[in-house]
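J.: Be aware that the sequence shown starts at 285, since it is given in my numbering, and climbs by one per residue.
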Amino acid sequence: MLVVSKVFSTQYMLWAVPLLMLTAVEVAPDRRGLAAVGAASVAMAALSAVFYPFGIQYVAALSPWVMTVIALRNAIFLATVVWLVRLAVTRDRAIQAASGAPF
Numbered sequence: 285m286l287v288v289s290k291v292f293s294t295q296y297m298l299w300a301v302p303l304l305m306l307t308a309v310e311v312a313p314d315r316r317g318l319a320a321v322g323a324a325s326v327a328m329a330a331l332s333a334v335f336y337p338f339g340i341q342y343v344a345a346l347s348p349w350v351m352t353v354i355a356l357r358n359a360i361f362l363a364t365v366v367w368l369v370r371l372a373v374t375r376d377r378a379i380q381a382a383s384g385a386p387f
């Protein structure tokens, strides 16, 4: 819900990106997965830097180029979260199947 909200600001990225990286360390199957989350984090930070702090007046005016940048940043964030959740669920199911415990 936060991703499509108008309050998903740059400040939220300050706490969200480290949590994404910690999750990636836990569930990424290899270094490529960790590097992918790192690249997504850098991309989100770069896209945030496009409009904050100097372009904030364009956000208030709903400028199309700024809204496109914000939508792209939010899409990258959402895709990264969905991918990490999928990895975590897959890993947990594999652990449960190996242990013989019922789902």
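Think of the CB as a built atom: it goes at the ideal place given N, C-alpha and C, for glycine as much as any other residue.
Please read all numbers here as calculations on a predicted model, not as lab measurements.
Would you check if there are 3 or more beta carbon pairs closer than 8 angstroms linking the stretch 328 to 337 to the stretch 372 to 382?
T.: Judged by Cβ distances under 8 angstroms, the stretch 328 to 337 makes no contact with the stretch 372 to 382, as fewer than three pairs qualify.
J.: According to DSSP, simplified to helix, strand and coil, what is aspartate 314?
T.: DSSP places aspartate 314 in coil when its eight states are reduced to three.
J.: For proline 302 and glutamine 295, I'd like the C-alpha separation in whole angstroms.
T.: Each residue's Cα considered, the two are about 12 angstroms apart.
J.: Can you tell me whether tyrosine 296 is helix, strand or coil according to DSSP?
T.: Residue state, collapsed to three classes: helix.
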